[in-house]
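In terms of our numbering, the sequence shown opens at residue 162 and continues consecutively. What follows is a single structure, written as structure tokens, with notes after it.
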Amino acid sequence: MARTHISGFPRIGAHRELKFAQESFWRGESDDTYLRSVGKALRARHWELQRAAGLDFVAVGDFAWYDPMLNLTALLGALPQRFGFEPATLSLAQYHELARGNAAQSALEMTKWFDTNYHYLVPELDAETTFDGGVDWFFDEIDEALALGLTVKPVLIGPITYLWLSKSRAAGFDRLSLLPKLVVRYLRILDKLKARGVEWVQLDEPALCLDLDAEWLEAFSGVYNVLCDEGVNVLLATYFGTVADHASRVAGLPVHGVHIDLVRAPQQLHAWHSALPADKVLSVGVIDGRNVWRADLGEIAGSLERLHTQRGESLWIAPSCSLVHVPVTLAAERRLDAELKSWLAFATEKLTELSTLAQALRDPAAAEPALAAADAALGSRRASGAVFNVLVQRRVAAVTDAMASRRSPFAERSRVQRHSLKLPLLPTTTIGSFPQTPAIRQARAAYRRGDLRALDYLERMRAETATVVRKQEALGLDVLVHGEVERNDMVEFFADKLWGYAFTENGWVQNYGSQCVKPPIIYGDIYRPEPMIVDAACHAQSLTERLVKGVLTGPVTMLEWSFVRDDQPRSTTALQLALVIRDEVLDLEKAGIRIIQIDESAFREGLPLRQADWPAYLDWATRAFRISASGVCDATQIHTHMCYSEFNDILPSIAALDADVITIETSRSSMELLDGFGEFAYPNGIGPGVYDTHSSRVPSVDAMRRLLERACEVIPAERLWVNPDCGLKTRAWPETEAALTNMVLAAGALRQKLATQADAERQ
Ligand code: GLN
Ligand code: ZN
Numbered sequence: 162m163a164r165t166h167i168s169g170f171p172r173i174g175a176h177r178e179l180k181f182a183q184e185s186f187w188r189g190e191s192d193d194t195y196l197r198s199v200g201k202a203l204r205a206r207h208w209e210l211q212r213a214a215g216l217d218f219v220a221v222g223d224f225a226w227y228d229p230m231l232n233l234t235a236l237l238g239a240l241p242q243r244f245g246f247e248p249a250t251l252s253l254a255q256y257h258e259l260a261r262g263n264a265a266q267s268a269l270e271m272t273k274w275f276d277t278n279y280h281y282l283v284p285e286l287d288a289e290t291t292f293d294g295g296v297d298w299f300f301d302e303i304d305e306a307l308a309l310g311l312t313v314k315p316v317l318i319g320p321i322t323y324l325w326l327s328k329s330r331a332a333g334f335d336r337l338s339l340l341p342k343l344v345v346r347y348l349r350i351l352d353k354l355k356a357r358g359v360e361w362v363q364l365d366e367p368a369l370c371l372d373l374d375a376e377w378l379e380a381f382s383g384v385y386n387v388l389c390d391e392g393v394n395v396l397l398a399t400y401f402g403t404v405a406d407h408a409s410r411v412a413g414l415p416v417h418g419v420h421i422d423l424v425r426a427p428q429q430l431h432a433w434h435s436a437l438p439a440d441k442v443l444s445v446g447v448i449d450g451r452n453v454w455r456a457d458l459g460e461i462a463g464s465l466e467r468l469h470t471q472r473g474e475s476l477w478i479a480p481s482c483s484l485v486h487v488p489v490t491l492a493a494e495r496r497l498d499a500e501l502k503s504w505l506a507f508a509t510e511k512l513t514e515l516s517t518l519a520q521a522l523r524d525p526a527a528a529e530p531a532l533a534a535a536d537a538a539l540g541s542r543r544a545s546g547a548v549f550n551v552l553v554q555r556r557v558a559a560v561t562d563a564m565a566s567r568r569s570p571f572a573e574r575s576r577v578q579r580h581s582l583k584l585p586l587l588p589t590t591t592i593g594s595f596p597q598t599p600a601i602r603q604a605r606a607a608y609r610r611g612d613l614r615a616l617d618y619l620e621r622m623r624a625e626t627a628t629v630v631r632k633q634e635a636l637g638l639d640v641l642v643h644g645e646v647e648r649n650d651m652v653e654f655f656a657d658k659l660w661g662y663a664f665t666e667n668g669w670v671q672n673y674g675s676q677c678v679k680p681p682i683i684y685g686d687i688y689r690p691e692p693m694i695v696d697a698a699c700h701a702q703s704l705t706e707r708l709v710k711g712v713l714t715g716p717v718t719m720l721e722w723s724f725v726r727d728d729q730p731r732s733t734t735a736l737q738l739a740l741v742i743r744d745e746v747l748d749l750e751k752a753g754i755r756i757i758q759i760d761e762s763a764f765r766e767g768l769p770l771r772q773a774d775w776p777a778y779l780d781w782a783t784r785a786f787r788i789s790a791s792g793v794c795d796a797t798q799i800h801t802h803m804c805y806s807e808f809n810d811i812l813p814s815i816a817a818l819d820a821d822v823i824t825i826e827t828s829r830s831s832m833e834l835l836d837g838f839g840e841f842a843y844p845n846g847i848g849p850g851v852y853d854t855h856s857s858r859v860p861s862v863d864a865m866r867r868l869l870e871r872a873c874e875v876i877p878a879e880r881l882w883v884n885p886d887c888g889l890k891t892r893a894w895p896e897t898e899a900a901l902t903n904m905v906l907a908a909g910a911l912r913q914k915l916a917t918q919a920d921a922e923r924q
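Okay, structure coming up:
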């Protein structure tokens with residue numbers, strides 16, 4: 162019979178129990194016994210869900226206190242020596258210090274897990290790294306599940322992916338040189354699994370979906386030639402993309418089975434079915450682990466039938482990847498529209514989908530009612546008037562290439578803007594948000610609860626805006642913002658004002674550590690019933706003689722940070738978002754706002770894992786941005802903002818956005834990043850961030866002036882702007898005012914120096 166299994170279940174709990182337990186542990190309000198008991202209860206609950214759904218295995222090893230990569234680091238004993246912790250006796254408190262830093266040491270670096278919004282903790286390796294004496298938590302959890310009488314399939318990140326995602330402490334250190342030691346450690350882990358009677362272990366190697374060079378591929382083969390001989394069957398798991406080009410390499414290894422992601426890369430099935438001998442397990446990931454839609458079970462069952470006839474018992478069925486990327490359960494949603502709810506499947510519901518598929522292969526008649534229900538839900542979604550909006554369809558059909566281009570080229574626009582905006586050299590500005598004070602948060606919460614009337618809430622927000630405007634004037638900033646006081650989240654705020662978006666009550670997804678996000682769901686055509694921020698921007702502008710910049714979230718970022726409908730290409734949804742933002746931009750222009758910033762914080766996140774797929778993405782993403790930005794006349798200045806620093810490989814696309822000004826994060830790399838912009842001869846305006854807004858440190862005037870001088874070496878001063886790295890929402894006022902005061906002084910000092918130089922040259 163086709164066996165069913167998952168790669169992982171969300172560990173946070175349906176009501177974020179783990180988050181709250183962790184945070185109380187950090188605050189010292191509870192001890193590690195309590196935290197451990199919460200973890201244990203969550204694991205038991207999640208295993209029970211898998212068992213009750215009739216899955217053939219429960220996944221163990223998907224639980225982590227903060228992050229699975231960190232748990233693996235703790236298991237391997239590969240702790241960074243700078244902390245001075247003893248690997249064998251690592252306490253929960255110390256574990257969390259690795260994740261969050263302590264008085265003496267900064268935390269491990271955090272970065273995005275492949276192309277998801279989940280962030281893992283990056284292992285730090287060097288020649289001294291050993292893989293001895295780690296903690297036994299992984300084995301304890303296996304014992305816990307065995308004691309409950311469950312059939313266990315432990316899941317671990319594989320050695321190649323672990324090394325690939327690590328970073329070298331010293332430049333030039335070759336991480337692969339650690340592989341022999343690391344493999345020995347994995348062998349010992351497998352021995353311990355065997356001793357426990359474990360039949361199958363899953364080793365996750367999603368790194369295989371990236372562009373790996375020959376050296377890493379060779380290393381990969383070497384490792385699995387060794388690991389598969391320990392008496393435990395190895396299921397090699399890949400996800401997030403295709404691995405078809407490695408099918409014959411993998412099939413030639415002694416691995417006992419392979420898991421592939423058929424949601425992201427359905428076309429790879431053929432290659433694997435023909436390459437993989439029939440006695441090896443082929444685990445097909447057919448339920449989408451990255452999105453919230455109910456699967457087309459009838460269609461999937463139909464396509465699996467033949468495969469099942471041919472492969473029999475060696476066919477396994479699973480979600481495409483770990484379910485950690487979707488919310489826990491629909492049962493926690495009481496306010497979601499009933500029709501929409503019937504179209505969705507969160508992690509718990511996906512377990513049921515999986516067992517229905519297995520049943521459809523085993524006993525089609527018995528599966529009939531469940532398949533019919535799935536079919537009915539899908540039919541209602543396809544036919545629903547809530548999904549399709551003729552007004553939107555008409556707009557999309559009428560989009561022309563001309564709409565994706567500004568009227569004049571940058572040189573001409575910038576001449577017009579210089580005349581009309583009359584900004585000084587090196588204009589100073591901020592990225593949009595100012596500190597979200599407790600008063601602001603309390604007012605928002607009261608408004609949500611219904612304890613504050615709409616008008617009172619509006620008045621409060623207007624008063625906050627007035628404060629923010631006055632403070633910016635006092636600081637001497639040149640281009641002001643309204644401060645985003647009323648914005649809880651830069652995507653949710655806009656999504657809430659658009660049709661086609663829905664919101665959950667408890668649809669939390671772990672972002673990192675105890676941090677969860679609740680991505681809104683795009684279920685239908687995107688329509689803007691009325692202007693979204695025109696009122697707020699105009700109010701701010703009415704309070705000052707200086708220019709106020711209107712700040713909006715761009716189409717690609719709206720898309721990246723939402724759950725996106727899967728019944729049309731992402732590019733089409735991006736285009737719909739682009740059109741509503743374009744309308745908003747035009748309304749802002751009409752209302753007299755002359756500088757408009759369209760944030761594309763997540764533009765780079767959308768890049769596909771394989772470089773070969775980049776051009777297609779960059780093409781539609783760039784076009785979506787251009788459509789949102791290009792309706793305005795030459796005199797209106799368009800800014801964009803991106804908050805990260807690896808740009809060099811996509812600079813042509815950044816330039817192709819043709820924003821008049823782009824503000825980016827650069828302070829942490831001390832402007833190194835700008836070199837790329839210089840070499841590429843980036844043509845438009847740039848505001849390289851001169852201080853890090855993720856930290857409360859206040860940099861000195863001199864430090865910021867030096868950064869600006871470096872920037873001047875690469876970008877002509879006429880095209881330079883002066884601003885922080887990112888928004889100031891999470892900062893407090895005192896440090897914000899201190900840092901901005903210094904920033905304004907730094908810009909002034911440099912302005913003066915440049916003016917003196919220009920004078921000298923003239924004489
Ligand atoms: N305008 C947003 C802000 O200032 C941008 C945030 C971001 O880039 N993440 O908060
Ligand atoms: Zn940012």
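Positions of the beta carbon are idealized from the N, C-alpha and C atoms, including for glycine.
- Apart from sequence neighbours up to five positions away, the residues of its chain that approach Lys890 with a beta-carbon distance below 6 Å are Ser594, Gln597, ordered along the chain.
- DSSP places Val577 within a helical segment (H, G or I) once states are collapsed to three.
- Of Ala220, Thr714, Ser252, Gly473, the smallest CA-CA separation from Ala205 is found for Ala220.
- DSSP places His420 within a strand segment (E or B) once states are collapsed to three.
- Comparing alpha-carbon positions, the option among Tyr347, Trp377, Val548, Arg614 lying closest to Leu364 turns out to be Tyr347.
- Around the CB of Pro895, fewer than 16 other CB atoms lie within 10 Å, so the residue is classed as exposed.
- Annotation: the continuous alpha helix (DSSP H) that includes Gln918 extends over 894-923.
- Looking only at Thr626, Leu587, Leu586, Ser575, the smallest Cα-Cα distance to Ala600 is reached by Thr626.
- Here DSSP, grouped into helix, strand and coil, assigns Gln363 to strand.
- The stretch 252-310 contains, as complete beta strand (DSSP E) runs of 3+ residues, the segments 271-273, 280-282 (chain order).
- When only Cα atoms are considered, His207 and Lys201 end up about 10 Å apart.
- When the beta-carbon positions are compared, Pro480 and Leu515 come within less than 8 Å of each other.
- For the 8 Å CB-CB criterion, Leu738 and Ile687 form a contact.
- The beta carbons of Leu835 and Ala872 sit about 6 Å from each other, so the pair counts as a contact at 8 Å.
- Counted as a single uninterrupted DSSP element, the alpha helix (DSSP H) harbouring Lys355 occupies residues 340-356.
- At a threshold of 7 Å, Ser594 does not count as near ligand 2, since its beta carbon sits no closer than that to any of the ligand's heavy atoms.
- DSSP, reduced to helix, strand and coil, places Thr165 within a strand of the structure shown.
- Residue side-chain check: Gly715 keeps its Cβ at 7 Å or more from all non-hydrogen atoms of ligand 1.
- Nearest to Ser861 by C-alpha distance, out of Val905, Glu466, Glu874, is Val905.
- Shown here, Asn672 sits in a strand according to DSSP, grouped into three states.
- The beta carbon of Arg568 sits closer than 6 Å to those of Asp795, all from its chain and outside the five residues before and after it, given in chain order.
- Residue pairing for Met865: DSSP places it in no beta bridge.
- Here Cys677 carries a strand assignment [DSSP, helix/strand/coil].
- About 30 Å separates the CB atoms of Arg787 and Ala547; that is not less than 8 Å, and the two are not in contact.
- The criterion of a C-beta distance shorter than 8 Å is not satisfied by Leu512 and Leu179.
- At a cut-off of 7 Å, the beta-carbon of His802 counts as near ligand 2: some heavy atom of the ligand is closer than that.
- Residue nearest to Asn232 within the set Ala214, Phe244, Leu253 is Leu253 (criterion: CA-CA distance).
- With a threshold of 7 Å, the Cβ atom of Lys890 counts as near ligand 1, since some heavy atom of the ligand is closer than that.
- Counting only residues of its own chain and dropping the five nearest sequence neighbours on each side, Leu351 has a CB closer than 6 Å to the CB of Glu391, Val393.
- Taking the Cα positions, Tyr608 is about 22 Å away from Trp669.
- Membership of Trp208 in the alpha helix (DSSP H) is indicated by the continuous run 193-213.
- Beta-bridge partners of His800 (DSSP): Gln758, Val822.
- Distance from the CA atom of Gln520 to the CA atom of Ala527, rounded to whole angstroms, is 7 Å.
- For Leu397, the uninterrupted beta strand (DSSP E) segment begins and ends at 394-398.
- Annotation for Tyr684: the continuous beta strand (DSSP E) segment containing it runs 682-688.
- Inclusion of Ala508 and Leu484 in the CB contact set at 8 Å is warranted, their separation being smaller than that value.
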